[in-house]
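A.B. asks: Be aware that the sequence shown starts at 30, since it is given in our numbering, and climbs by one per residue.
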Amino acid sequence: MFGVEMEKGGVIVPESVLKKQKRSEEWALVKKQEIESAKKKKTEQRKLIYNKAKQYSKEYEQQETELIQLKREARLKGGFYVNPEPKLLFLIRIRGINAMHPQTKKILQLLRLRQIFNGVFLKVNKATLNMLHRVEPYVTYGYPNLKSVKELIYKRGYGKVNKQRIALTDNSIIEQFEDSCHSFIGLKKVKKARPQR
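The following block contains the structure:
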């Protein structure tokens, strides 16, 4: 008979069924290999993230102890320790566009503050401070600490991927586009990449 083969038990099995069995076995093998490689990659990635997080926490701890040491030394010498100027600003827009000068409107667009209650992180430099003085009535700002930056990124952090706004819910989003994101390794690295105070 055409298209029919015999199996061990003497039962006749159509050729299409045999092809399907062979194909499904090949797919199962490929899937198993993919799962194993993904598992291996994930364990390596987790080790790397763990080591980086450990390193960052050690650095933050070292900065804190250094700050305490400098304050103690200043107190012993009879002076005061003045903290270095913060390098990071957080701005939130609080007013609309009624009776706004066109230049002020343009500055708000440059700062990516197009709607009320939009917020952005900015590096502190002369140009930023000059722009800030122009838009001061329309924004509120402050110098965030590590804890507030961490909470903001976890709660409301978004990134632009292929011109789409995507929430930074887990590290896979960042890892997927690490070439364009200055090779961040997870959300901890994003927080680390911001300018330190």
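Using N, Cα and C, we set each Cβ at its ideal position, and we do this for glycine too. What you are looking at is a predicted structure, and each value in this text was computed from that prediction instead of being measured.
1) Please list the segments of the alpha helix (DSSP H) lying wholly inside the segment 126-181, counting only runs of 4 or more residues, in order along the chain.
2) Closest to GLN138 by CA distance: which of VAL153, ASN112 and VAL168 is it?
3) Of all the CB atoms in chain D, is at least one closer than 8 Å to the CB of LYS179?
4) Where LYS87 and LYS100 are concerned, what is the direct C-alpha to C-alpha distance, given to the nearest angstrom?
5) Is ARG124 helix, strand or coil by DSSP?
6) Would you report the Cα separation of LEU77 and LYS83, rounded to the nearest angstrom?
7) Looking at ARG122 and ASN147, is the spacing between their C-beta atoms short of 8 Å?
8) Name the one or two DSSP bridge partners that GLN193 has.
9) Rounded to whole angstroms, what's the CA-CA distance from GLY171 to VAL164? Just pull it up for me.
10) For TRP56, collect the residues of the same chain with a Cβ closer than 6 Å to its Cβ; drop the 5 residues on either side in sequence, then sort them by chain order.
11) Can you give me the start and stop residues for the alpha helix (DSSP H) that GLU114 sits inside?
12) In this structure, what does DSSP give as the bridge partners for PHE119?
13) Between the segment 107-117 and the segment 140-157, are three or more C-beta pairs nearer than 8 Å?
14) Pull up the CB-CB distance for LEU161 and TYR89, whole angstroms please, since I reckon it's below 8 Å.
15) Buried or exposed, going by whether 16 or more other CB atoms sit within 10 Å of the CB of LEU58?
16) Under a Cβ-count criterion, where at least 16 other Cβ atoms within 10 Å of its own Cβ denotes burial, should ILE97 be classed as buried or exposed?
17) Rounding to the nearest angstrom, what Cα-Cα distance links LYS68 and HIS130 in this structure?
18) Excluding sequence positions up to five away, which residues of its chain have a Cβ less than 7 Å from the Cβ of TYR110?
C.D. replies: In this structure, then:
1) List check, alpha helix (DSSP H) in window: 131-139 and 155-163.
2) Nearest to GLN138 by alpha-carbon distance, out of VAL153, ASN112 and VAL168, is VAL168.
3) Included in the structure is just one protein chain, with no chain D present.
4) Taking C-alpha positions only, LYS87 is separated from LYS100 by approximately 20 Å.
5) If DSSP states are grouped into helix, strand and coil, ARG124 belongs with coil.
6) Whole-angstrom Cα-Cα distance: 10 Å.
7) Taking 8 Å as the Cβ cut-off, ASN147 and ARG122 qualify as a contacting pair.
8) The partner list for GLN193 (beta bridge, DSSP) reads VAL190.
9) If you take the alpha carbons of GLY171 and VAL164, they lie about 14 Å apart.
10) Scanning its chain for C-beta atoms nearer than 6 Å, with the 5 sequence neighbours on each side dropped, one finds no residue around TRP56.
11) For GLU114, no alpha helix (DSSP H) segment is defined, and its DSSP state is neither H nor E.
12) BP columns for PHE119 point to PHE150 and GLY171.
13) Yes: the two stretches touch, three or more of their Cβ pairs being nearer than 8 Å.
14) Between LEU161 and TYR89 a beta carbon distance of about 27 Å is seen, past the 8 Å cut, so the two are scored as non-contacting.
15) Exposed, since its Cβ has fewer than 16 Cβ neighbours within 10 Å.
16) ILE97 should be labelled exposed.
17) About 57 Å.
18) Counting only residues of its own chain and dropping the five nearest sequence neighbours on each side, TYR110 has a CB closer than 7 Å to the CB of LEU99, LYS100 and ALA103.
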